[in-house]
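Undergrad: Residue numbers (my numbering): 3 to 145. One structure is given below, represented as structure tokens, and several questions about it will come after.
Shown next, in the form of structure tokens:
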């Protein structure tokens, strides 16, 4: 996949959109930004990923996130910490990083479960719509 480059026109359009969002109340926009900055690491999966990555670097080890977690800071092919390191089996990580990983893994499992449930619900909706349309077609054919 070839990354797209920004053109001056796209950058100008993006800047104009930003200026419009700030509007006539920049104080409100900045307050909202500070609130998001405060809550992002704590309440979002990507924020937790960044915190784990930074803590891994502070401890001079490779990123402790698995490849499937898609660390927003690492390259896709960057080497990661081994499973033994992530699980704290070889004594290389601090208890703080170990518990960050455990909390993240729990949240990740919940996230995957929610995504599967949403996909199942969408599939069920599609199946119900097809069944309904098939019944309508059958009634129309019989008439």
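Where is the CB? At the ideal position from N, CA and C, for every residue including glycine. As the structure is a prediction and not an experimental result, all values here were calculated from the model.
(1) Measuring straight from C-alpha to C-alpha, what distance separates residue 62 and residue 30?
(2) Can you say whether residue 126 is buried or exposed, counting buried as having 16 or more other CB atoms within 10 angstroms of its CB?
(3) Please state the DSSP three-state secondary structure of residue 113.
(4) Measuring straight from C-alpha to C-alpha, what distance separates residue 98 and residue 107?
(5) When you compare only the Cα positions, how much space is there between residue 111 and residue 91?
(6) Measure the CB-CB distance between residue 65 and residue 73 and report whether it falls below 7 Å.
(7) What are the uninterrupted segments assigned as beta strand (DSSP E) that are 3 or more residues long and contained completely in the segment 14-78, given in chain order?
(8) Buried or exposed for residue 51, please, with buried defined as at least 16 other CB atoms from any protein chain shown within 10 angstroms of its CB.
(9) Given a cut-off of 7 Å on the beta-carbon distance, is the pair residue 102 and residue 88 in contact?
(10) Just tell me which of 85, 70 and 86 has its CA closest to the CA of residue 79.
(11) Looking at the structure shown, is residue 81 part of a helix, part of a strand, or coil, going by DSSP?
TA: In brief:
(1) 39 Å
(2) exposed
(3) helix
(4) 14 Å
(5) 21 Å
(6) yes
(7) none
(8) buried
(9) no
(10) 70
(11) coil
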